[in-house]
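Student: The structure's right below; bear with me while I get my questions together.
As structure tokens, then:
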């Protein structure tokens, strides 16, 4: 019995490892057609579901110089009006077309990747100062009578499903933002701000916990030396809990990066590189949420490719936070 | 000057705290007003086809319940391994770190994983796939709480058990688990609250259904996925229904959370 249970527990623990490997390989296999087709150029390609003439895109993959030559040649033969010759020429190049230009669909990940990063940056710029304010308020300023209930409220807010933030953002927050800043109701800006509001309670709660690890005796010594509250926060608490605070911020960043529902209503879900902050665009999770249903073949594979990129990105960021900043006491 | 700076900075942090809390309060008030105004008994009796929410509430609870049925035992046993059997070993540390990282993995990616694993090969969305995706999300959360609750059990209790000649297995079940029972219970409730409000992993695994069904092999009613599609519809009535569903969901999540907190506090 003893042996069986020990083996069983080892097995369940290893399950975590197996699942992670499973997620990675499954994503990789499903993304394989898109990886083979587009390679690493996927990351810098801003086209999504765009039909491109077959010969052009083939040439482009090989060399851009020959592409120019090719198109000039084509236009020359066009102006010659020698239809027969053109037909023959095309038949020679491609297999499955008559007299129309053959097309293939190109998928590139640049727009969702940029959208993900920009919306996360906006969220962090908005949320970090406010979360710090809340954490300082809860840890240092408020009397216990206020800080305990407010602290619990903040923790409860962190548990509210993110779809509710998204819905509130769409119906109540977006109109106000578009009135104030102009532009569309659904935009990078609204998505980023609502994302910031969503991670606020989580970030505030874990930052406060980090600040609270500062021993009272250090703070009291500083006060005894005549330091003001701000000086204690700046010179005692921040240096002492710096590592934990940075770790908390990165952890929240990881959360914002992979968030789907708070952003899905608000970012616009269009494959456009945003020129202004008030333009609509798309992020990786939203691309997956919106397009997965109707995607098939290469399109679906490209979505898996995006998912793989997101998975690797958030895995990297979170493990960085874990190993450099949040080494917890092992006891 | 120093005192002035002090005042300014403290005022700034107070203001930012108030701004943050105001936003969060705004969301809750909106939710309560919109949700409560459309609340009626018929919501709980009728299904979504007849503008009710019954099938969604039941469906969401079944999905989360099924996920817990798989995720909780696995998570607890894995947590026991990390804290009791593998204590201090490199492998146990490794698994703990991986599980912490997995806890923050993007939920939509887990949805995509289950889609490739259970939806595509079997030809369509199913309740099983949805529950499986939620279980994957749940396991690391349960591991994390079990691990930290077991760490609170004093070493002396274990040593006393071993000194009496009890086997490790007996010590774990009769002493350690008993001592950590309340904490683990809280952990279970909190992780249930976490997954019951998830949308992204269900979007293309269970999808949702307008009808009442207990058949786990076809698309399964999910409250969160339905909120998403209802909110995207242009009709006012569909949106109102989405608000009511969000309100019920939030109340559910908050109640479970508060229960979890309450039992820990009562015990200590």
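Residue numbers (my numbering), protein chains in the order written: chain A, 1 to 331; chain B, 1001 to 1268.
All C-beta atoms in this analysis are idealised placements derived from N, C-alpha and C, irrespective of residue type, glycine included.
Let me confirm a value: residue 29 of chain A is counted as buried when at least 16 other C-beta atoms fall within 10 Å, else exposed. Which label applies?
Tutor: Reading the first chain from its first residue, position 29 is the one you call residue 29 of chain A. With fewer than 16 other Cβ atoms within 10 Å, it is exposed.
Student: Tell whether a beta-carbon distance below 8 Å holds between residue 197 of chain A and residue 165 of chain A.
Tutor: For the purposes of this step, residue 197 of chain A is taken as the residue at position 197 of the first chain. For the purposes of this step, residue 165 of chain A is taken as the residue at position 165 of the first chain. Yes, the Cβ-Cβ distance between residue 197 of chain A and residue 165 of chain A is below 8 Å.
Student: Out of B/1030, B/1059 and B/1256, state which residue places its alpha-carbon closest to the alpha-carbon of residue 1213 of chain B.
Tutor: In the second chain, the residue the question calls residue 1213 of chain B occupies position 213. Ranking the options by Cα distance to residue 1213 of chain B, first place goes to B/1059.
Student: Please name the residues in the stretch 1218 to 1235 of chain B whose beta-carbon is closer than 7 Å to at least one beta-carbon of chain A, in chain order.
Tutor: 1224, 1227, 1228 and 1231
Student: For the stretch 1058 to 1089 of chain B, which residues have a beta carbon sitting closer than 9 Å to at least one beta carbon of chain A?
Tutor: 1073, 1074, 1075, 1076, 1077, 1078, 1079, 1080, 1081, 1082, 1084, 1085, 1086 and 1088
Student: Just grab the DSSP bridge partners of residue 104 of chain A for me.
Tutor: Here residue 104 of chain A refers to the residue found at position 104 when the first chain is read from its first residue. Note: residue 104 of chain A sits in a beta bridge opposite A/52.
Student: By the 10 Å Cβ neighbour count, where 16 or more other Cβ atoms means buried, how is residue 7 of chain A classified, buried or exposed?
Tutor: Within the first chain, the letter at position 7 stands for residue 7 of chain A. Classification of residue 7 of chain A: exposed, given that the 10 Å Cβ count is below 16.
Student: When the cut-off is 8 Å and only beta carbons count, does residue 1100 of chain B lie next to chain A?
Tutor: As a first step, residue 1100 of chain B must be located in the second chain, where it is residue number 100. The beta carbon of residue 1100 of chain B falls within 8 Å of a beta carbon belonging to chain A, placing the residue at that interface.
Student: Can you pull the chain B neighbours of residue 157 of chain A, defined as C-beta to C-beta under 7 Å?
Tutor: Stepping through the first chain from its first residue, residue 157 of chain A is reached at position 157. In chain order: 1024.
Student: Using a Cβ-Cβ distance cut-off of 8 Å, determine whether residue 185 of chain A contacts chain B.
Tutor: Here residue 185 of chain A refers to the residue found at position 185 when the first chain is read from its first residue. For residue 185 of chain A, the answer is no, since every Cβ of chain B falls outside 8 Å of its Cβ.
Student: Looking at residue 1063 of chain B and residue 1134 of chain B, is the spacing between their C-beta atoms short of 8 Å?
Tutor: The residue labelled residue 1134 of chain B in the question sits at position 134 within the second chain. The residue labelled residue 1063 of chain B in the question sits at position 63 within the second chain. In this structure, residue 1063 of chain B lies closer than 8 Å to residue 1134 of chain B by Cβ.
Student: Quick one, which of A/178, A/246 and A/167 has its alpha-carbon nearest residue 204 of chain A's?
Tutor: In the first chain, residue 204 of chain A corresponds to position 204, counting from 1. Of A/178, A/246 and A/167, the residue nearest in Cα terms is A/246.
Student: Quick one: Cα of residue 1032 of chain B to Cα of residue 317 of chain A, how far?
Tutor: The sequence position of residue 1032 of chain B within the second chain is 32, counting from 1. The sequence position of residue 317 of chain A within the first chain is 317, counting from 1. Each residue's alpha carbon lies about 36 Å from the other.
Student: Going by Cα to Cα distance, which pick from A/48, A/113 and A/45 is closest to residue 310 of chain A?
Tutor: Taking the first residue of the first chain as position 1, residue 310 of chain A is located at position 310. Closest by alpha carbon: A/113.
Student: Is any beta-carbon of chain B found at less than 8 Å from that of residue 202 of chain A?
Tutor: By 1-based counting over the first chain, the position of residue 202 of chain A is 202. Not one chain B Cβ lies under 8 Å of residue 202 of chain A.
Student: Residues in its own chain within less than 7 Å of residue 162 of chain A by CB, not counting five upstream and five downstream?
Tutor: Position 162 of the first chain, counting from 1, holds the residue named residue 162 of chain A. Closer than 7 Å at Cβ, skipping near neighbours: 198, 259, 261 and 262.
Student: Between B/1221, B/1131, B/1204 and B/1203, which lies nearest to residue 1210 of chain B when the distance is taken from Cα to Cα?
Tutor: On the second chain, residue 1210 of chain B is found 210 positions in, with the first residue counted as 1. Closest option to residue 1210 of chain B, Cα to Cα, is B/1221.
Student: With DSSP as the reference, please indicate the residues paired to residue 281 of chain A in a beta bridge.
Tutor: The residue labelled residue 281 of chain A in the question sits at position 281 within the first chain. Residue 281 of chain A is bridged to A/268.
Student: In chain A, which residues lie with their C-beta within 7 Å of the C-beta of residue 1140 of chain B?
Tutor: On the second chain, position 140 is the one that residue 1140 of chain B refers to. Simply 16.
Student: What's the C-alpha gap between residue 1164 of chain B and residue 1096 of chain B?
Tutor: Sequence index remark: in the second chain, residue 1164 of chain B carries index 164 (1-based). Sequence index remark: in the second chain, residue 1096 of chain B carries index 96 (1-based). So the alpha carbons of these two residues sit roughly 30 Å apart.
Student: Just to confirm, is the Cβ distance from residue 308 of chain A to residue 170 of chain A under 8 Å?
Tutor: Counting from one through the first chain, the residue named residue 308 of chain A turns up at place 308. Counting from one through the first chain, the residue named residue 170 of chain A turns up at place 170. Taking 8 Å as the Cβ cut-off, residue 308 of chain A and residue 170 of chain A do not qualify as a contacting pair.
Student: Which residues in chain B sit within 8 Å of residue 255 of chain A, going by Cβ to Cβ distance?
Tutor: On the first chain, position 255 is the one that residue 255 of chain A refers to. Result: 1104.
Student: Terminal residues of the continuous alpha helix (DSSP H) containing residue 1006 of chain B?
Tutor: In the second chain, residue 1006 of chain B corresponds to position 6, counting from 1. First-last of the alpha helix (DSSP H) with residue 1006 of chain B: 1002 to 1037.
Student: Here's the rule I'm using: 16 or more other beta-carbon atoms within 10 Å means buried, otherwise exposed. How should residue 1250 of chain B be labelled?
Tutor: As a first step, residue 1250 of chain B is located in the second chain; it is residue number 250 there, counting from the start. Per the 10 Å Cβ criterion, buried.
Student: Between residue 141 of chain A and chain B, is there a C-beta pair that is closer than 8 Å?
Tutor: The residue you call residue 141 of chain A lines up with position 141 of the first chain. Output row for residue 141 of chain A: interface = yes.
Student: So what's residue 1136 of chain B in DSSP terms, helix, strand or just coil?
Tutor: In the second chain, counting from the first residue as 1, residue 1136 of chain B sits at position 136. Three-state result, residue 1136 of chain B: helix.
Student: One question on the structure: do residue 5 of chain A and residue 1013 of chain B come within less than 8 Å of each other, judged by their Cβ atoms?
Tutor: For the purposes of this step, residue 5 of chain A is identified with residue 5 of the first chain, where counting begins at 1. For the purposes of this step, residue 1013 of chain B is identified with residue 13 of the second chain, where counting begins at 1. It is not a contact, given that the beta carbons lie outside the stated cut-off.
Student: Take residue 1081 of chain B as the anchor and find which of B/1015, B/1068 and B/1172 has the nearest alpha-carbon.
Tutor: The residue you call residue 1081 of chain B lines up with position 81 of the second chain. Measuring from the Cα of residue 1081 of chain B, the nearest candidate turns out to be B/1172.
Student: Whole angstroms is fine: what's the gap from residue 1090 of chain B's alpha carbon to residue 1050 of chain B's?
Tutor: For the purposes of this step, residue 1090 of chain B is taken as residue 90 along the second chain, with counting starting at 1. For the purposes of this step, residue 1050 of chain B is taken as residue 50 along the second chain, with counting starting at 1. C-alpha separation (whole angstroms): 56 Å.
Student: Does DSSP put residue 1203 of chain B in a helix, a strand or coil?
Tutor: Residue mapping note: residue 1203 of chain B aligns to position 203 of the second chain, counting from 1. In the structure shown, residue 1203 of chain B sits in coil (DSSP, three-state: anything other than H, G, I, E or B).
Student: If you draw a straight line from the C-alpha of residue 301 of chain A to the C-alpha of residue 234 of chain A, how long is it?
Tutor: The residue you call residue 301 of chain A lines up with position 301 of the first chain. The residue you call residue 234 of chain A lines up with position 234 of the first chain. Using only the alpha carbons, I get a separation of about 50 Å.
Student: Can you give me the start and stop residues for the alpha helix (DSSP H) that residue 1047 of chain B sits inside?
Tutor: One-based indexing of the second chain puts residue 1047 of chain B at position 47. Element bounds for residue 1047 of chain B: n/a, residue is neither H nor E.
Student: If you run the structure through DSSP and keep just helix, strand and coil, what is residue 295 of chain A?
Tutor: As a first step, residue 295 of chain A is located in the first chain; it is residue number 295 there, counting from the start. Here residue 295 of chain A carries a coil assignment [DSSP, helix/strand/coil].
Student: Kindly indicate if chain A contains any beta-carbon less than 8 Å away from that of residue 1184 of chain B.
Tutor: The count along the second chain starts at 1 and reaches residue 1184 of chain B at position 184. False, the Cβ-Cβ gap to chain A never drops below 8 Å.
Student: So, at 6 Å on beta carbons, what are the nonlocal neighbours of residue 1139 of chain B in its own chain, with the 5 sequence-adjacent residues on each side left out?
Tutor: Residue mapping note: residue 1139 of chain B aligns to position 139 of the second chain, counting from 1. So the qualifying residues of the chain are 1071, 1074 and 1075.
Student: In chain A, which residues lie less than 7 Å from residue 1017 of chain B when you measure between Cβ atoms?
Tutor: For this step, residue 1017 of chain B is matched to residue 17 along the second chain. The answer, in chain order, is 133, 134 and 137.
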